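**Q**
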Amino acid sequence: MATSTPTRDAYAPPPQKKPVSARRQTWRSRLWRFDDKASPYAYIAPFFLVFGAFGLYPLIYTGWIALHRVEMTGLDQMEWVGWENFDRILHDSEFWTAVSNTFLIGVMSTVPQLLVALGLAHLLNYKLRASTFWRTVILTPYATSVASAALVFALVFRADGGLLNWALEFVGLGHTNWANGHWTSKIAISVIVIWRWTGYNTLIYLAAMQAVPSDLYEAASLDGASRWQQFLKVTIPSLRPTILFTIVISTIGSMQLFGEPLLLEGGTLGAIGGNENQYETLSIYLYNYGWNLGHLGPAAAVAWAMLALLLIIAAVNWLIGRFVRKSAV
Numbered sequence: 031m032a033t034s035t036p037t038r039d040a041y042a043p044p045p046q047k048k049p050v051s052a053r054r055q056t057w058r059s060r061l062w063r064f065d066d067k068a069s070p071y072a073y074i075a076p077f078f079l080v081f082g083a084f085g086l087y088p089l090i091y092t093g094w095i096a097l098h099r100v101e102m103t104g105l106d107q108m109e110w111v112g113w114e115n116f117d118r119i120l121h122d123s124e125f126w127t128a129v130s131n132t133f134l135i136g137v138m139s140t141v142p143q144l145l146v147a148l149g150l151a152h153l154l155n156y157k158l159r160a161s162t163f164w165r166t167v168i169l170t171p172y173a174t175s176v177a178s179a180a181l182v183f184a185l186v187f188r189a190d191g192g193l194l195n196w197a198l199e200f201v202g203l204g205h206t207n208w209a210n211g212h213w214t215s216k217i218a219i220s221v222i223v224i225w226r227w228t229g230y231n232t233l234i235y236l237a238a239m240q241a242v243p244s245d246l247y248e249a250a251s252l253d254g255a256s257r258w259q260q261f262l263k264v265t266i267p268s269l270r271p272t273i274l275f276t277i278v279i280s281t282i283g284s285m286q287l288f289g290e291p292l293l294l295e296g297g298t299l300g301a302i303g304g305n306e307n308q309y310e311t312l313s314i315y316l317y318n319y320g321w322n323l324g325h326l327g328p329a330a331a332v333a334w335a336m337l338a339l340l341l342i343i344a345a346v347n348w349l350i351g352r353f354v355r356k357s358a359v
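Heads up, the sequence shown is in my numbering, so the first residue is 31 and it goes up one at a time.
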C-alpha cells in the first residue's frame, strides 16, 4: 500500500510582508497627525478667505481712508490728516443729532417689535389650525423689500391724501404732517421697521419656545399655575438667551437704519433726513458725507464711529446678560 509523502511546499511558511523602514513609518505617522490637526482648519478656511476679502480688508481700508483727506472726484489723491476727520465729525452738531435720532428710533422700534413678536410667538405655540399658514403670513413682511415697504408706507403717511391722515380726519382728530414733525417722523419710521421685522423675531421666539421641555409646563400646571403664570415663570426665563440675542440683532439693525428714512420722503429731503434733519440717522449722515458731498475721509470716520458705538452697545448687552444669568442661579 503506497503512502503519500507531503511535499516540501506544503510546510513552507507563509510569505512575509516586506518590512517598512522606520523612517518611512515615522513620515506616515507625522503625515497622519498633521492631517488630523489641519483638516478642521482646511474645512473652515473658505469662510475666513471670504471674510478676509469682503469683511476684514474693507474694514481696515476704511480705517486707513479715515486718516486721510480723500475726495470722490480725486480718489488717487490722498493726503494724510491723522485724526482730523474724527475730530471734525465729533465737533459737528449734526453728527450728534444723527446719533440721537438713531438711538430714539432704535428704542421706539425695538421695544414694541420684540414685545409683539413675543406675544405672537406665544399664540403660535399653541396647536392652532393652519399653523403653517399663519407662520407664513407673519413672515411675509420680512420677505418684502425695504424699498417696497418704505414706498407703500410713504403713501400711508403722506401729508396730502395719505391713508392715515384720511382716517384721522374721518374720526375728527385732524391733519398731521408725519414726515416734517420731529416725533411723528420717528414714529412713522418705527412703524415701518416694526412691520418688517416683527415676523422674523416671532419665528425665532417660536423656535425657542418649542425647545422648552413640556415637563416644565406640566409641573407648573400641576402646581395650579395659569397660562399667563406659566408664560411669565416658565417661558420667559427659558427664553432669556434668545431674547438677549434678538436685542443685540435688533440693536445692530437700528444702527444700520438707512432705507426707511431715505425713502420716507424720497428725493433731496430723504437724502438729508428731513428739512431739519429730524429723522437723519447715522447711515444717512454717512451717505451725505460720502455721496452727496463726496468727502470720503469723514464718511469713513463715521463708519468707524458706528462700529465703536456697536461695540459699546454689545458690551453693555453682554454685561446685562451676564448679570441676569448670575441672578437666575
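Even glycine gets a Cβ: it sits at the ideal position worked out from N, Cα and C. From a predicted model like this one, the values you see are computed outputs, not experimental measurements.
Does the distance from the C-beta atom of S284 to that of G136 stay below 7 angstroms?
**A** yes
**Q** Under 7 angstroms between the Cβ atoms of Q219 and E290?
**A** Per the sequence shown, residue 219 should be read as Ile rather than Gln. Cβ distance < 7 angstroms, so I219 and E290 count as in contact.
**Q** Kindly indicate which three-state DSSP category G351 falls into: helix, strand or coil?
**A** helix
**Q** Taking the straight line between their C-alpha atoms, what separation do you get for N115 and I314?
**A** 17 angstroms
**Q** Is there contact between the region 176-196 and the region 259-276, where contact requires at least three CB pairs shorter than 8 angstroms?
**A** At 8 angstroms Cβ cutoff, the stretches do not touch.
**Q** According to the Cβ coordinates, are R226 and P171 closer than 7 angstroms?
**A** yes
**Q** According to DSSP, what are the bridge partners of W110?
**A** H98
**Q** Can you tell me whether S280 is buried or exposed? The criterion is at least 16 other CB atoms within 10 Å of its CB, across all chains shown.
**A** buried
**Q** Cα separation between R352 and L339?
**A** 20 angstroms
**Q** Would you kindly check if the distance between the Cβ of H121 and the Cβ of W110 is under 7 angstroms?
**A** no
**Q** Who pairs with G104 in a beta bridge, going by DSSP?
**A** E101
**Q** Three-state secondary structure (DSSP) at H325?
**A** strand
**Q** Exposed or buried, what is T162 when buried is set at 16 or more other beta-carbons lying within 10 Å of its beta-carbon?
**A** exposed
**Q** Give me, in chain order, the residues of the same chain whose beta-carbon lies closer than 7 angstroms to that of E199; leave out the 5 immediate sequence neighbours on both sides.
**A** H205
**Q** Which first and last residues belong to the alpha helix (DSSP H) in which P271 is found?
**A** Note, P271: alpha helix (DSSP H), R270 to M285.
**Q** Of all the options V346, I234 and W334, which has the alpha carbon lying nearest to the alpha carbon of I90?
**A** W334
**Q** Measuring straight from C-alpha to C-alpha, what distance separates T127 and Q240?
**A** 42 angstroms
**Q** If you draw a straight line from the C-alpha of G192 to the C-alpha of A209, how long is it?
**A** 12 angstroms
**Q** Would you please state the rounded distance, in angstroms, between the beta carbons of Y319 and T272? I believe it to be under 8 angstroms.
**A** That pair is no contact at about 37 angstroms.
**Q** Taking just the CA atoms, how far does I74 sit from G112?
**A** 37 angstroms
**Q** Using a Cβ-Cβ cut-off of 6 angstroms (strictly less than) and excluding sequence neighbours within five positions of E295, which residues of its own chain qualify?
**A** A209
**Q** Starting from F133, trace the alpha helix (DSSP H) in both directions and tell me its first and last residue.
**A** S123 to L154
**Q** Between D190, W213 and W196, which lies nearest to S139 when the distance is taken from Cα to Cα?
**A** W213
**Q** Give the straight-line distance between the Cα atoms of L154 and T166, rounded to the nearest whole angstrom.
**A** For L154 and T166, the gap between their C-alpha atoms comes out near 11 angstroms.
**Q** Output the boundary residues of the alpha helix (DSSP H) element that contains D245.
**A** S244 to L252
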